[in-house]
Amino acid sequence: MMKTPADQRTICCDSCSLPAVSLDPLSGAHFCASHFNARFEDAVARTITESRMILPGDRVAVALSGGKDSTVLAVLLAKLHPDLRDSGLVAITVDEGIAGYREETVGSACKLCERLGIGHLVVSFGDRFGATLDAMVRESPKRACTICGVLRRTLLQQAAAEWGATKVATGHCLDDESETALMNCLSGAAGRISHAESGPGAGVPRIKPLRAMSEKDITLYALLNDIPIPRAECPYARTSLRAEVRGMMGYLEYRYPGTAAKVVEGYSGIAESLRRHRTPLPARRCTLCGQPSSGEHCQCCTILRMVGQGPEPGAPTKRSGQV
Amino acid sequence: MICLKVILPDGSSRDLDVQESPIENVLLSLGINPAGVIVARNGLFVPGDSLVRETDVLRIYLISHGG
Ligand SMILES: [Zn+2]
Ligand SMILES: [Zn+2]
Numbered sequence: 002m003m004k005t006p007a008d009q010r011t012i013c014c015d016s017c018s019l020p021a022v023s024l025d026p027l028s029g030a031h032f033c034a035s036h037f038n039a040r041f042e043d044a045v046a047r048t049i050t051e052s053r054m055i056l057p058g059d060r061v062a063v064a065l066s067g068g069k070d071s072t073v074l075a076v077l078l079a080k081l082h083p084d085l086r087d088s089g090l091v092a093i094t095v096d097e098g099i100a101g102y103r104e105e106t107v108g109s110a111c112k113l114c115e116r117l118g119i120g121h122l123v124v125s126f127g128d129r130f131g132a133t134l135d136a137m138v139r140e141s142p143k144r145a146c147t148i149c150g151v152l153r154r155t156l157l158q159q160a161a162a163e164w165g166a167t168k169v170a171t172g173h174c175l176d177d178e179s180e181t182a183l184m185n186c187l188s189g190a191a192g193r194i195s196h197a198e199s200g201p202g203a204g205v206p207r208i209k210p211l212r213a214m215s216e217k218d219i220t221l222y223a224l225l226n227d228i229p230i231p232r233a234e235c236p237y238a239r240t241s242l243r244a245e246v247r248g249m250m251g252y253l254e255y256r257y258p259g260t261a262a263k264v265v266e267g268y269s270g271i272a273e274s275l276r277r278h279r280t281p282l283p284a285r286r287c288t289l290c291g292q293p294s295s296g297e298h299c300q301c302c303t304i305l306r307m308v309g310q311g312p313e314p315g316a317p318t319k320r321s322g323q324v
Numbered sequence: 008m009i010c011l012k013v014i015l016p017d018g019s020s021r022d023l024d025v026q027e028s029p030i031e032n033v034l035l036s037l038g039i040n041p042a043g044v045i046v047a048r049n050g051l052f053v054p055g056d057s058l059v060r061e062t063d064v065l066r067i068y069l070i071s072h073g074g
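Here the protein sequences come in this chain order: A and B.
Take 2 as the starting number for the first sequence in the numbering used here and just add one per residue.
Take 8 as the starting number for the second sequence in the numbering used here and just add one per residue.
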């Protein structure tokens with residue numbers, strides 16, 4: 002419903018008379034800044050509660066890259082779960098060693114944690130794996146996202162386990178989830194569709210409190226609440242299939258609002274039923290590092306050997322400021 | 008001539024000769040996917056179905072990707 006106050010063009014919030022800042026393309030509803038914020042925070046709180054993501058006694062490690070999604074996630078976890086603030090919430094930043102990009106994002110991650118008053122651990126590829134991502138992929142930058150994804154996950158898990166985390170919260174949003182779903186379909190890897198991210202042997206369970214939120218709403222939330230968003234984008238992001246899938250999904254979302262949510266919903270249903278019909282693989286361990294693995298070597302060790310860095314047993318986690 | 012001033016995500020600006028029109032049309036004419044940006048009209052964030060006219064300044068914020 003559109004009311005027409007002073008400036009005839011001003012569109013008002015559906016819930017009050019203040020000027021709207023956002024339109025939900027699915028319902029056609031308009032929201033002012035405070036109703037947008039309230040709705041956004043309620044939706045994240047609902048995702049957390051409905052999926053029992055955070056329970057009393059949990060120790061949550063939030064993966065803080067310093068980018069927009071993880072920054073908003075850290076702010077919201079501190080806001081929605083003040084009970085965690087004392088010693089139940091820590092941020093972990095993985096410094097992959099990407100020149101011209103990581104300096105800014107690591108810096109803004111440090112500042113944010115100070116502002117929120119939460120602990121902060123910085124762990125780096127250089128310290129743990131003996132080389133930066135830049136050095137690892139010098140000859141084949143196209144593989145950067147694959148290599149980085151596996152190594153970052155491993156390092157995050159190690160650091161979270163060392164801190165005593167019972168949950169690892171990541172900033173994956175609706176757009177990420179729909180892109181991943183589509184990419185797994187495009188690559189024809191049915192095994193990857195049924196692959197469970199959590200479960201016995203998968204390490205500290207992961208939670209994704211922003212999984213139902215769009216990047217657009219996350220960005221607007223950050224802008225409206227003066228949450229600093231670094232401008233730098235990862236220089237390797239452009240080289241990936243994900244970048245093309247993102248463009249495609251962006252177009253579909255514009256033409257047919259709600260597409261991303263439907264892709265994720267349908268994909269989850271398929272993954273769930275595939276999992277039910279799957280014979281579980283015998284439990285194996287990587288012969289190099291001893292971590293649970295589907296083959297002789299785990300993904301992390303396979304990649305480290307490929308890039309010429311032998312697997313090393315984890316060195317102690319460096320604290321922020323000691324980097 | 009008075010033109011609509013559009014500030015693009017990279018900070019550069021374009022002057023467009025438009026009559027009153029929906030922001031969506033302005034974005035499409037610039038080859039920008041309206042679902043991929045947030046817009047501010049004269050310094051205030053506005054929903055994508057708002058109108059702009061030649062005396063306005065329209066700032067376009069790209070939705071940044073990644074973690
Ligand atoms: Zn309102
Ligand atoms: Zn291994």
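Beta carbons: idealized from backbone N, C-alpha and C, even for Gly.
Any heavy atom of ligand 2 within a distance shorter than 7 angstroms of the CB on residue 20 of chain B?
no
Run the Cβ filter for me: residues under 7 angstroms from any heavy atom of ligand 1, listed in the order they occur in the chain.
A:14, A:16, A:17, A:19, A:32, A:33, A:35 and A:36
So residue 40 of chain A is in the alpha helix (DSSP H); what residue range does that whole segment cover?
34–51
Ignore the nearest five residues each way along the sequence and tell me which others in residue 91 of chain A's own chain have a CB closer than 6 angstroms to its CB.
62, 120 and 164
For residue 208 of chain A, the residue or residues it bridges with in DSSP:
A:170
Let me see if you follow: with CB-CB separation under 8 angstroms, is residue 54 of chain B close to chain A or not?
yes
Could you tell me how far apart the beta carbons of residue 73 of chain A and residue 222 of chain A are, in whole angstroms, since I believe they sit closer than 8 angstroms?
6 angstroms
Is the beta carbon of residue 310 of chain A within less than 7 angstroms of some heavy atom of ligand 2?
no
Taking 8 angstroms as the threshold (beta carbon to beta carbon), is residue 71 of chain B in contact with chain A?
yes
If the cut is a Cβ gap below 8 angstroms, which residues of chain B does residue 23 of chain A touch?
52 and 54
Is there a Cβ from chain B that is less than 8 angstroms from the Cβ of residue 216 of chain A?
yes
Here's a check: name, in chain order, each residue in its chain whose Cβ is nearer than 6 angstroms to the Cβ of residue 246 of chain A, leaving out the five neighbours to either side.
180, 183 and 184
Could you name the residues that DSSP lists as bridge partners for residue 94 of chain A?
A:123
Any alpha helix (DSSP H) of 4 or more consecutive residues that is wholly inside the region 214–299 of chain A:
216–225, 242–256 and 260–277
Name, please, each residue of chain A whose Cβ falls closer than 8 angstroms to the Cβ of residue 40 of chain B.
251, 252 and 255
Coil, strand or helix - residue 26 of chain A by DSSP
coil
Using a cut-off of 7 angstroms between C-beta atoms, extract the partners of residue 57 of chain B located in chain A.
10 and 12
In the DSSP output, which residue or residues are listed as bridge partners for residue 10 of chain B?
Per DSSP, none; premise fails for residue 10 of chain B.
Is residue 354 of chain A helix, strand or coil when you go by DSSP?
There is no way to answer for residue 354 of chain A, as the model of chain A reaches only from 2 to 324.
Cutting at 8 angstroms between CB atoms, please list the residues of its own chain near residue 38 of chain A, excluding the five before and the five after it.
222, 225 and 226
So that I know if they touch, is there some Cβ in chain B lying closer than 8 angstroms to that of residue 220 of chain A?
yes
Give a yes or no on whether the C-beta atoms belonging to residue 70 of chain B and residue 43 of chain B are separated by under 8 angstroms.
yes
Tell me the rounded alpha-carbon separation between residue 288 of chain A and residue 297 of chain A.
6 angstroms
Could you give the C-beta distance for residue 124 of chain A and residue 167 of chain A, rounded to a whole number, given that I count them as a contact under 8 angstroms?
Rounded, the Cβ-Cβ distance is 19 angstroms, inconsistent with contact.
Near residue 9 of chain B, which residues of its chain fall below 7 angstroms by C-beta distance, leaving aside the five closest residues on each side in sequence?
61 and 62
Between A:129, A:41, A:162 and A:214, which has its C-alpha nearest residue 261 of chain A's C-alpha?
A:214
Hey, would you say the C-beta of residue 289 of chain A is under 7 angstroms away from at least one heavy atom of ligand 2?
yes
On the premise that residue 241 of chain A lies in contact with residue 146 of chain A, defined as a C-beta separation below 8 angstroms, what is that separation, rounded to the nearest angstrom?
4 angstroms
Relative to ligand 2, is the shortest distance from any of its heavy atoms to the C-beta of residue 295 of chain A smaller than 7 angstroms?
no
Got a sec: does ligand 2 put a non-hydrogen atom nearer than 7 angstroms to the Cβ of residue 298 of chain A?
yes
Along the region 101–116 of chain A, where does the CB come closer than 7 angstroms to a CB of chain B? Name the residues.
none
Taking the beta strand (DSSP E) that residue 64 of chain A falls in, what are its first and last residues?
61–64
When you compare the CB positions of residue 58 of chain B and residue 29 of chain B, do they come within less than 8 angstroms of one another, or not?
yes
Residue burial classification, residue 52 of chain B (beta-carbon count within 10 angstroms, cutoff 16)
buried
Cβ neighbour criterion (16 or more within 10 Å) applied to residue 284 of chain A
exposed
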